[in-house]
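Everything below concerns the one structure shown next.
Numbering (the numbering used here), first residue to last: 107 to 406.
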């Protein structure tokens, strides 16, 4: 395992210095937030349909990750598995179709809340013990999600919200299945490759509604090859320099970065509802993951 992480550091030209870890982490968080912005930009402002966007994103992500793995002298064949690929495909498809109607900021917050709630719920089911602070945090996060979805003038479209919650659950399942992978970049590349025929089948089934233009193609390619492929590789390179609690905590920045990007690049407005929901969801999850990281640190 140590040898693998050394290869990553050599490939990216990094050491484990705090400054370089910070830069890599920031780049990864921006890349993850960019997925929401690129998808919404494509589906709102270009001629591409959601199924085609999904297929191009997965295919370009598979190509990008495979190239990175091969340049490191590793093999992609045999990496990953079909169940994880199915979870990856379910996430990507639900994500794309959700952004037909959801604002980027709302979608990013719903996705993050669903991912973290899924992973926290799995921990509870497996017998992980929560302290009172963590239960309060989880309750706040769930209340924030419920408040965001309550009917009202500023409520997100229900169909899109449900799809994004499903995307979050699927990504949570994918993340749980990938825990402890010896070569996470190769495993992710293998799963992307396996997801390509699943995405192609979706596009074939939706062929009557298929459409694409050059702008939509490049947004989808950027989402897959750069924001997903290179973004994941950078994140895996940063992880060895982060403590478990810090790795979970820094991901709280993704919905915030996505919201700022949505205001700047998409002209979205920030409502009181999303501000309050963000405070409840992100603050609540922070209470859970920061405490969890402290507990793990004491055990170590």
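All residues carry an ideal CB built from backbone N, CA and C; glycine is no exception. Here the structure is a predicted model, which is why all the values come from computation and not from measurement.
Do you know offhand how far residue 371's Cα is from residue 190's?
Those two C-alpha atoms are separated by around 33 Å.
Per DSSP, what kind of secondary structure is residue 349 in: helix, strand or coil?
Coil at residue 349, not helix or strand.
How is residue 335 classed by DSSP in three states: helix, strand or coil?
The answer is helix: DSSP assigns residue 335 an H, G or I state.
Following a CB-centred definition, is residue 158 positioned closer than 8 Å to any heavy atom of the ligand COA?
Here there are no bound small molecules, and the ligand COA is not part of this structure.
Between the Cα of residue 138 and the Cα atoms of 394, 359, 393 and 285, which residue gives the shortest distance?
The shortest C-alpha separation from residue 138 is found at 359.
Can you say whether residue 378 is buried or exposed, counting buried as having 16 or more other CB atoms within 10 angstroms of its CB?
Answer is exposed; the Cβ neighbour count stays below 16.
How about residue 145 and residue 228: do their beta carbons lie closer than 9 Å?
No, Cβ-Cβ distance for residue 145 and residue 228 is not below 9 Å.
Give the secondary structure of residue 235 by DSSP, where H, G and I count as helix, E and B as strand, and everything else as coil.
Here residue 235 sits in coil by DSSP.
Look up residue 225 in the DSSP assignment and say whether it is helix, strand or coil.
Three-state result, residue 225: helix.
Excluding the 5 residues flanking residue 142 on each side, which residues of the same chain have their C-beta closer than 6 Å to its C-beta?
These residues qualify, in order along the chain: 210, 213, 214 and 364.
If we ignore side chains and look at the alpha-carbon of each, how far apart do residue 326 and residue 217 end up?
About 19 Å.
If you reduce the DSSP assignment to three classes, tell me which class residue 395 lands in.
Three-state result, residue 395: helix.
Determine the closest residue to residue 328 out of 165, 131, 317 and 128, with distance taken between C-alpha atoms.
Ranking the options by Cα distance to residue 328, first place goes to 165.
Report, in whole angstroms, the separation of the C-beta atoms of residue 318 and residue 153, which I expect to be a contact under 8 Å.
Yes, residue 318 and residue 153 are in contact; Cβ-Cβ is about 6 Å, under 8 Å.
Leaving out five residues on either side along the sequence, give the residues of the same chain with a beta carbon under 7 Å from the beta carbon of residue 389.
Closer than 7 Å at Cβ, skipping near neighbours: 246.
Applying the criterion that 16 or more other CB atoms from any shown protein chain within 10 Å of the CB defines a buried residue, is residue 256 buried or exposed?
Exposed: under 16 other Cβ atoms inside 10 Å.
Alpha carbon to alpha carbon, how far is residue 309 from residue 253?
When rounded, the distance between both Cα atoms is 35 Å.
DSSP three-state call for residue 144: helix, strand or coil?
Three-state DSSP puts residue 144 in a helix.
Might you give, ordered along the chain, the residues of its own chain that have their beta carbon closer than 6 Å to the beta carbon of residue 172, omitting 5 neighbours on each side?
Contacts found: 182 and 295.
Starting from residue 322, trace the alpha helix (DSSP H) in both directions and tell me its first and last residue.
Element bounds for residue 322: 320 to 327.
My output table needs one value for residue 125: the three-state DSSP class, helix, strand or coil.
Correct three-state label for residue 125: helix.
If we call anything under 9 Å between Cβ atoms a contact, is residue 312 one with residue 200?
No.
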